[in-house]
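S.K.: Heads up: the sequence shown runs through residues 895 to 1250, numbered per the working numbering. Note that CB positions come from ideal geometry on N, CA and C, so glycine has one too. Source: prediction; values computed, not measured. My questions all concern the structure below.
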Amino acid sequence: MPAAFPQFVAPFRAFLNKIPPNGRVVVFCHFDADGLAAGALFGRGLQRMDPSWQVEVLPSGKGENAFLTPSVREKLLALKPDALIVTDLGVHAHGTLEADGVPVLYVDHHIPEGYPSANSTVLTGYGLDPVPCSAWLAYELVAAELEINDLQWVAAIGIISDLGDSAPWPLLAETKKQYTAKWLKEAVALCNAARRAGEFDLDRPLHHLMADDNPRPLAQDTVLAEYRAEVSAALQAARRLPPRFPKASPDAAPVALITLDSPCQIHPLIAQQWIQRLPDRVVLCANLGYLPDGNIAVAGRTANRDLHIPELLRGAFARLNAVPPSNFAHGHPQASGGHLSPTDFETLLRGLGYDV
């Protein structure tokens, strides 16, 4: 069967050729189902390509930006990799370990924010039609090197999570038939529940994705089911919280703010749920209890394609002659946010027109 993305085959092989025998490879992936699935596909695939390679799959942590959080670089360097794969965490001009002499491969589908200079390979689905998510890309890259039909279910978990039950992945229908759509859908839900729950337990779903031969053990994991119940209860409570609007004035931004206090990662879901009811606004959901360092997690969503959330957020700071943190207000025009200190959060609110 010809490669699904023939333009990526040679650069992927060139990256693999840089890994020495007995080399140590770190796969740094996002913590959602797409990122974990992509990480597991690279983890399992690389171990099959060369059993002498030592492969470690490491999900990102709460509040971490792969490119702009200094502790991330220190954490990755401490693992002493001979090569690094960064997947589902974006692409940024700042890079990761290139300056330390480590060859880096980026596999992603988000809007790139520049490209690292030397010593890196970027394979992005952004701009393709359809845009493949990270697990889709990871599967096809590895599949061009060796036969991994038995890992289609791992790819399907990431693909269904990011692109939906009718995603245009050519192998989705046969994968659903072989493993049953029910177990795949349940595995997706529990995978995402793990990262949304207060425990932030990524090891459990990742272990399933790395070790199992089908999605059923993941889908029937009782601890993951408890995480889902916790997240469901937190969502139920948060749905009752009313939005606040800026004080009416010519300078007031077209926003609505919902503030909650939960250890669960529910703020993006709450923002998303409100945008149909407030279609002319950017809905910001601020979670005071999600981050362990006292910072505030802000998720912005809008259904209005005439509104550009990163520009609106950065403009709020500029209105007060302030500058947002470097890792805030990136991402998609209709989905953006980040993490702010209490002081910066107050600045944001003032810039948007709120009385604080």
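Is L983 near A960, with beta carbons less than 8 angstroms apart?
M.R.: Result yes, Cβ atoms of L983 and A960 sit closer than 8 angstroms.
S.K.: Taking the CB atoms as reference points, tell me whether H924 and S954 lie closer together than 8 angstroms.
M.R.: Yes. Within cutoff.
S.K.: According to DSSP, simplified to helix, strand and coil, what is Y1073?
M.R.: Helix at Y1073.
S.K.: May I have a chain-ordered list of the beta strand (DSSP E) segments no shorter than 3 residues that lie completely inside the region 923–1002?
M.R.: Listed in chain order, the complete beta strand (DSSP E) runs (minimum 3 residues) inside the region 923–1002 are 948–953, 977–981, 998–1002.
S.K.: Quick check on N911: does DSSP put it in helix, strand or coil?
M.R.: Reduced to three states, the DSSP call for N911 is coil.
S.K.: Are three or more beta carbon pairs between the region 1224–1238 and the region 1184–1202 nearer than 8 angstroms?
M.R.: Verdict: yes, contact present.
S.K.: CB-CB under 8 angstroms to Y1121, same chain, minus the five flanking residues each way: which ones, in chain order?
M.R.: Here the set comprises L1084, A1087, A1088, R1090, A1091, E1093, D1095.
S.K.: Just grab the DSSP bridge partners of I1152 for me.
M.R.: I1152 pairs with C1179.
S.K.: Which value, in whole angstroms, describes the spacing of the CA atoms of A1212 and F1222?
M.R.: Distance between the alpha carbons of A1212 and F1222: 13 angstroms.
S.K.: I'd like to check one pair, T981 with A1049: are the Cβ atoms closer than 8 angstroms?
M.R.: In this structure, T981 does not lie closer than 8 angstroms to A1049 by Cβ.
S.K.: Could you check the C-alpha separation between S1055 and R907 for me, to the nearest Å?
M.R.: Computed Cα separation, rounded: 28 angstroms.
S.K.: In whole angstroms, what separates the C-alpha of E968 from that of L1201?
M.R.: Each residue's alpha carbon lies about 37 angstroms from the other.
S.K.: Excluding the 5 residues preceding and the 5 following I913 in the sequence, name in chain order all residues of the same chain whose CB lies nearer than 7 angstroms to its CB.
M.R.: Only V919, W947, D976, A977 meet the Cβ criterion.
S.K.: Do you know offhand how far H1004's Cα is from I1053's?
M.R.: Distance between the alpha carbons of H1004 and I1053 is about 14 angstroms.
S.K.: What is the C-beta distance between L1103 and L930, in whole angstroms, given that I count them as a contact (C-beta under 8 angstroms)?
M.R.: 6 angstroms between Cβ atoms; contact.
S.K.: With distances taken Cα to Cα, identify the nearest neighbour of E1180 among L1151, A1197, P915, L1172.
M.R.: Contrary to the premise, residue 1180 reads as Ala rather than Glu in this sequence. It is L1151 whose Cα lies nearest to the Cα of A1180.
S.K.: Tell me whether the beta-carbon of S1224 lies closer than 8 angstroms to the beta-carbon of A1191.
M.R.: Correcting the residue identity first, residue 1224 is His in this sequence and not Ser. Against a cut-off of 8 angstroms, the Cβ pair of A1191 and H1224 comes out as no contact.
S.K.: Could you spell out where the beta strand (DSSP E) holding R1195 opens and where it closes?
M.R.: Run containing R1195: 1190–1196, per the beta strand (DSSP E) assignment.
S.K.: Which residue marks the beginning of the beta strand (DSSP E) containing V1117, and which one marks its end?
M.R.: Here V1117 belongs to no beta strand (DSSP E); instead the alpha helix (DSSP H) covers 1116–1132.
S.K.: Straight-line CA distance for L962 to T1015?
M.R.: Straight-line Cα distance between these residues: approximately 19 angstroms.
S.K.: So, are the CB atoms of V985 and L991 less than 8 angstroms apart?
M.R.: No.
S.K.: DSSP state of H1226, grouped into three classes?
M.R.: Note: H1226 maps to strand in three-state DSSP.
S.K.: Considering only C-alpha positions, which residue in the set L1135, P1140, V1149 is nearest to D1155?
M.R.: D1155 has its Cα closest to that of L1135, out of L1135, P1140, V1149.
S.K.: Near L1078, what residues of its chain come up, given a Cβ to Cβ distance below 7 angstroms and the 5 sequence neighbours on each side ignored?
M.R.: Same-chain partners within the cutoff: W1047, A1050, I1051, I1054, K1070, P1109.
S.K.: Mind checking whether P1137 and L1172 have CB atoms under 8 angstroms apart?
M.R.: Closer than 8 angstroms, so yes.
S.K.: Rounding to the nearest angstrom, what Cα-Cα distance links K1141 and L1246 in this structure?
M.R.: Roughly 9 angstroms between the two C-alpha positions.
S.K.: So which of A1029, E1039, Y1248, P1026 has the shortest CA-CA distance to D1145?
M.R.: Closest option to D1145, Cα to Cα, is Y1248.
S.K.: Taking all protein chains shown into account, decide if Q1159 is buried (16 or more other Cβ within 10 angstroms of its Cβ) or exposed.
M.R.: That one is buried.
S.K.: Pull up the DSSP beta-bridge partners for H1233, would you.
M.R.: Its beta-bridge partners are A1191.
S.K.: Nearest to K974 by alpha carbon, out of D1107, V1117, G995?
M.R.: It is G995.
S.K.: Hey, would you say L1100 sits closer than 8 angstroms to V949, going by beta carbons?
M.R.: No, the pair does not count as a contact, with Cβ atoms beyond the cut-off.
S.K.: Per DSSP, which residues does T838 bridge with? Please list them.
M.R.: As displayed, the chain neither begins before 895 nor continues past 1250, which places residue 838 out of reach and without an answer.
S.K.: Checking 8 angstroms against the spacing of the C-beta atoms, do A883 and A1081 come in under that value?
M.R.: There is simply no residue 883 to check, as the chain begins at 895 and stops at 1250 in what is shown.
S.K.: Below 8 angstroms between beta carbons: does that hold for R1195 and Q1170?
M.R.: It is not a contact, given that the beta carbons lie outside the stated cut-off.
S.K.: Taking 8 angstroms as the cut-off, decide whether the C-beta atoms of P1148 and G1183 are in contact.
M.R.: The answer is no: Cβ separation not under 8 angstroms.
S.K.: If you drop the 5 nearest sequence neighbours on each side, which residues of the same chain put their C-beta closer than 7 angstroms to that of L1022?
M.R.: So the list is empty, once near-sequence residues are dropped.
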